[in-house]
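Trainee: To start, I am sharing the structure in question, which I have written as structure tokens.
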Amino acid sequence: MRYLNIQKNISYRLPLKGAIIGFGGVAENAHAPLLKEDPRFFIKAIVEPAPERILAAKRIFPEATVYRHIDDLFQKEELDFIDICTPPAYHAEAILKACERKVNVICEKPLVTSMEELRKVIEAVQESDIVLFCVNNWKYAPIWSKTIELVNKGAIGEIKEISLTVLRTPKSGGGVSDWRRSKKIAGGGILMDHGWHHIYFIHSLIKKEPIYILAKMKYLNELEDDVKVEFIYENSKADLYLTWRSAVRKNFGKILGEKGCIIIADDHLILRNGFFVRYNFDTPLSKGSHHLEWMKPVLDEFFNEIMNKKKRGMNLKEAITCLRLISLAYESHKKNQPIRC
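For the sequence shown, my numbering assigns the number 13 to the initial residue and increments by one for each residue that follows.
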């Protein structure tokens, strides 16, 4: 064990002591395996009410204390961070409780589910001066990382148009309790789910805020399950299509620039800019939902934000952008007109 002084009057003892809040599928398959092996982190507690999920947690963290409510956790434990893996409806409450105790937070997406919740959370984070970090892990998918790299290097010049398609079957996702089928718990449908990831991917490429958003949606049981969103920028546009009505799982798209284009085809991409280059990837973008290999750089970023205050803020700004644009897309569909951003 050692101590690191981060800023005046603040020090952390490694490993950082943490608790996982909610031990569903994403916690078990994407968070726990890495946290278990990473010497920078130590999970000393779990918050989970379901007996079968408690058993799953204890198999991985046999020494961790299990609490059924987050209030009991904070009353009895001194923590450096919490890892929120609950369904979205419970994120804001957990974040606000962590802010009260000045405990850093890493949280699954969506960060929160409404702009009202977001305003409360941002105010609390500013007052407590903690790290609030959202698990925006899809940008570390190898095919997306390569796409971002090529665009940043100017391989296709200035982007003129982006078109992305996400096909998922009707029973995709939902967690161990199928919570994604409840608007009250999930906060939204496929736009809040897959749309979140694709919005920060688009933003990482264009690096600007859109001027207008136009959205059209179809609903099933109060949840949008078929969505078309058009983001209009000053000199470019991005089209996003998402559906839970497909017969297959697949991701594909095209990024058109002034000097060429990048074609995304699930397990490979093709760069055309006077040359023809194909990049192959071991795993299709559409395969699975937990993506353990994409989580390591997320933990690295979270750790760096805790340790170095100068590195803080970019991830949170990204999450704010995602929720704001999703909220505007809902408004556009409701009003049946473009919405100015």
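Glycine included, every Cβ here is placed at the ideal spot set by N, Cα and C.
Just the Cα atoms here: how many angstroms apart are residue 15 and residue 54?
Mentor: Interpretation of residue 15 is limited by its pLDDT of 35, a score under 50 that renders its predicted location unreliable; no figure is taken from the coordinates.
Trainee: To the nearest angstrom, how far is it from the Cα of residue 19 to the Cα of residue 266?
Mentor: Below a pLDDT of 50, predicted positions are generally treated as unreliable, and residue 19, at 40, falls in that range; the measurement from the model is reported next regardless. Spanning the two alpha carbons is a distance of roughly 44 Å.
Trainee: When you compare the segment 197–214 with the segment 143–153, are there three or more beta-carbon pairs, one atom per stretch, that lie closer than 8 Å?
Mentor: Touching, yes.
Trainee: When burial is assigned at 16 or more other CB atoms within 10 Å of the CB, is residue 231 buried or exposed?
Mentor: With fewer than 16 other Cβ atoms within 10 Å, it is exposed.
Trainee: Per DSSP, residue 240 is paired with what?
Mentor: DSSP output for residue 240 lists 228 and 253 as bridge partner(s).
Trainee: Rounded to whole angstroms, what's the CA-CA distance from residue 60 to residue 222? Just pull it up for me.
Mentor: 40 Å
Trainee: What is the rounded straight-line gap between the Cα of residue 326 and the Cα of residue 258?
Mentor: 34 Å
Trainee: Are the beta-carbon atoms of residue 298 and residue 261 separated by less than 7 Å?
Mentor: yes
Trainee: Looking at C-beta atoms only, is the number of pairs between the segment 75–88 and the segment 168–176 that lie closer than 8 Å three or more?
Mentor: no
Trainee: Please tell me whether residue 239 and residue 203 are closer than 7 Å, where the distance is taken between their beta carbons.
Mentor: yes
Trainee: For residue 141 versus residue 118, is the C-beta spacing smaller than 7 Å?
Mentor: no
Trainee: Mind reading off the beta-carbon distance from residue 272 to residue 168? Whole number of angstroms is fine, and I expect it under 8 Å.
Mentor: 4 Å
Trainee: For the segment 19–52, which segments carrying the beta strand (DSSP E) assignment without a break, of at least 3 residues, lie completely within its bounds, in sequence order?
Mentor: 22–26 and 28–33
Trainee: Residue range of the alpha helix (DSSP H) that residue 129 falls in?
Mentor: 127–140
Trainee: Where do the ends of the alpha helix (DSSP H) carrying residue 214 lie?
Mentor: Here the alpha helix (DSSP H) through residue 214 covers 202–218.
Trainee: By the DSSP assignment, the beta strand (DSSP E) with residue 115 in it spans what residues?
Mentor: From DSSP, residue 115 is part of no beta strand (DSSP E); its letter is neither H nor E.
Trainee: Cα separation between residue 189 and residue 270?
Mentor: 47 Å
Trainee: Along the beta strand (DSSP E) that carries residue 177, what are the first and last residues, could you check?
Mentor: 171–179
Trainee: Below 7 Å between beta carbons: does that hold for residue 32 and residue 98?
Mentor: no
Trainee: Over what stretch of residues does the beta strand (DSSP E) that includes residue 267 continue unbroken?
Mentor: 262–269
Trainee: If we ignore side chains and look at the alpha-carbon of each, how far apart do residue 278 and residue 88 end up?
Mentor: 46 Å
Trainee: Going by alpha carbons, who is nearest to residue 331 out of 322, 130 and 268?
Mentor: Looking at the Cα atoms, 130 is the closest of the given residues.
Trainee: Using 10 angstroms around the beta-carbon of residue 181, count the other beta-carbons present and answer buried if the total reaches 16, otherwise exposed.
Mentor: exposed
Trainee: In this structure, what does DSSP give as the bridge partners for residue 77?
Mentor: Answer is 57, bridged to residue 77.
Trainee: Buried or exposed for residue 205, going by 16 or more other Cβ atoms inside 10 Å?
Mentor: buried
Trainee: Using the Cα positions of residue 67 and residue 56, report the straight-line distance between them to the nearest angstrom.
Mentor: 15 Å
Trainee: Please check the pair residue 200 and residue 254, which I expect to be a contact at CB under 8 Å, by giving their CB distance rounded to whole angstroms.
Mentor: About 11 Å separates the two Cβ atoms, so there is no contact after all.
Trainee: Between residue 32 and chain C, is the shortest Cβ-Cβ distance under 7 Å, so that the two count as touching?
Mentor: The structure shown has no chain C; it contains just one protein chain.
Trainee: Just mark residue 23 as buried or exposed, buried being the case when its beta carbon has 16 or more other beta carbons within 10 Å.
Mentor: exposed
Trainee: Determine the burial state of residue 145: buried for a count of at least 16 other Cβ atoms within 10 Å of its Cβ, exposed for fewer.
Mentor: buried
Trainee: For residue 307 versus residue 46, is the C-beta spacing smaller than 7 Å?
Mentor: yes
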